[in-house]
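Below: one structure, written as structure tokens.
Residue numbers (this note's numbering): 1 to 325.
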């Protein structure tokens with residue numbers, strides 16, 4: 001028996017109303033997603049610039065300690081040797097030589113046998129372990145993570161003795177070697193140094209005093225071009241060795257001006273395109289560089305090729321206006 005009152009009706013969402021709500025949520029997500037992606041890329045770009053800042057400070061601290069920047073080693077067939085110090089006696093490249101200046105002394109010391117004239121198996125094993133130890137400061141986070149990647153070509157000679165290199169961590173930054181391409185697998189020690197008018201070369205060292213164009217107008221380090229199809233494969237010719245080799249396209253790059261149009265300039269990476277001589281980046285708009293004063297700046301992909309070559313050449317005495325960068 002009831003008291004005569006009509007019970008209340010419980011009204012829910014209709015199917016049409018639910019679909020409208022879902023549609024609105026989908027539109028909001030579609031509007032917000034590009035902003036979220038842009039914010040993430042901005043953070044990755046900033047981290048890349050911070051990496052170059054740390055590496056640049058390592059180069060400058062080395063220059064302050066020894067009065068010259070790290071040299072180019074003995075060519076791409078050689079890796080770093082902790083028993084051979086720095087300068088032209090060091091077979092490894094810039095990335096090996098600055099390890100003590102980026103808080104990686106223990107990594108630098110791997111394989112040391114205190115004998116600079118004989119290479120032991122223990123030394124080769126230490127060099128292999130070094131190459132297979134990722135360092136986040138050496139990787140652009142937009143491109144790839146700091147992990148070990150395949151090296152199917154097993155290209156590497158560890159200090160006068162070949163060694164298999166099935167995997168190695170990645171190196172995404174290169175030293176500026178000037179506006180003239182000169183490099184070798186095995187520098188003929190005892191011959192004249194190969195000075196390509198950049199910051200680091202095989203058999204040569206460069207001091208701050210040698211930078212006649214001013215440290216703010218000369219490239220020190222920059223992002224290196226790697227074909228996006230080969231980020232993880234080890235099949236790009238400029239990314240198929242270890243991280244600490246001497247002068248070669250894995251560790252050094254150039255900016256070359258040619259009136260005929262065959263210039264080398266920093267480029268945005270594109271699938272299917274290889275540029276193992278050039279600087280380049282996955283970032284939109286420009287490629288990050290550390291200058292010889294320690295500052296870091298993006299360089300536009302639309303930069304005039306001749307201006308890019310002037311920035312790579314430490315002694316051309318060419319004035320560079322800020323609006324040309």
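We treat Cβ as the ideally placed atom computed from N, Cα and C, and that holds for glycine.
Practice item. Output the boundary residues of the beta strand (DSSP E) element that contains residue 149. Key: What you label residue 149 is simply residue 149 of the chain shown in a count that begins at 1. Membership of residue 149 in the beta strand (DSSP E) is indicated by the continuous run 148 to 150.
Check your understanding: Of the residues 218, 291, 205, 183, which one's Cα is nearest the Cα of residue 77?
Key -> Within the chain shown, numbered from 1, the residue matching residue 77 stands at position 77. Taking each of 218, 291, 205, 183 in turn and checking the Cα distance to residue 77, the smallest one comes out for 183.
Review point. In terms of residue numbering, what span does the alpha helix (DSSP H) encompassing residue 167 cover?
Key: Taking the chain shown and counting its residues from 1, the one referred to as residue 167 is at position 167. First-last for residue 167: 167 to 169, but that is the beta strand (DSSP E), not the alpha helix (DSSP H).
Review point. Curious, which full-length beta strand (DSSP E) runs of at least 3 residues does the region 38 to 85 contain?
Key: Listed in chain order, nothing qualifies, since the region 38 to 85 has no complete beta strand (DSSP E) run of 3 or more residues.
Check your understanding: Taking the C-alpha atoms as reference points, what is the distance between residue 149 and residue 15?
Key -> Stepping through the chain shown from its first residue, residue 149 is reached at position 149. Stepping through the chain shown from its first residue, residue 15 is reached at position 15. About 51 angstroms.
Review point. DSSP state of residue 288, grouped into three classes?
Key: The count along the chain shown starts at 1 and reaches residue 288 at position 288. Note: residue 288 maps to strand in three-state DSSP.
Exercise for review: Just mark residue 118 as buried or exposed, buried being the case when its beta carbon has 16 or more other beta carbons within 10 Å.
Suggested key: Within the chain shown, the letter at position 118 stands for residue 118. Flag for residue 118 reads exposed.
Check your understanding: For the alpha helix (DSSP H) that residue 130 lies in, which residues bound it at each end?
Key -> Counting from one through the chain shown, the residue named residue 130 turns up at place 130. Start and end: 121 to 131.
Review point. Apart from the five residues just before and just after residue 277, which ones in its own chain have a Cβ nearer than 7 angstroms to its Cβ?
Key: Residue 277 sits at position 277 when you count from the first residue of the chain shown. These residues qualify, in order along the chain: 181, 249, 253, 254, 264.
Exercise for review: Could you tell me how far apart the beta carbons of residue 138 and residue 174 are, in whole angstroms, since I believe they sit closer than 8 angstroms?
Suggested key: Position 138 of the chain shown, counted from the first residue, corresponds to residue 138. Position 174 of the chain shown, counted from the first residue, corresponds to residue 174. The Cβ separation is near 11 angstroms, so there is no contact.
Check your understanding: If you count every other CB in all the chains shown that lies within 10 Å of the CB of residue 179, and 16 or more means buried, which is it?
Key -> Working through the chain shown from its first residue, we reach residue 179 at position 179. So residue 179 ends up on the buried side.
Review point. Quick one: what does DSSP say residue 311 is sitting in, helix, strand or coil?
Key: Taking the chain shown and counting its residues from 1, the one referred to as residue 311 is at position 311. DSSP places residue 311 in the helix class (H, G or I) of the three-state scheme.
Check your understanding: Would residue 129 count as contacting chain B if we go by Cβ distances under 8 angstroms?
Key -> Of the chains in the structure shown, none is chain B; there is only one protein chain.
Exercise for review: Could you tell me the distance, in whole angstroms, from the CA atom of residue 290 to the CA atom of residue 251?
Suggested key: Translated into the one-based positions of the chain shown, residue 290 becomes position 290. Translated into the one-based positions of the chain shown, residue 251 becomes position 251. Taken atom to atom, the span from the alpha-carbon of residue 290 to that of residue 251 is near 15 angstroms.
Practice item. With DSSP as the reference, please indicate the residues paired to residue 221 in a beta bridge. Key: The count along the chain shown starts at 1 and reaches residue 221 at position 221. Under DSSP, residue 221 shares a beta bridge with 175, 290.
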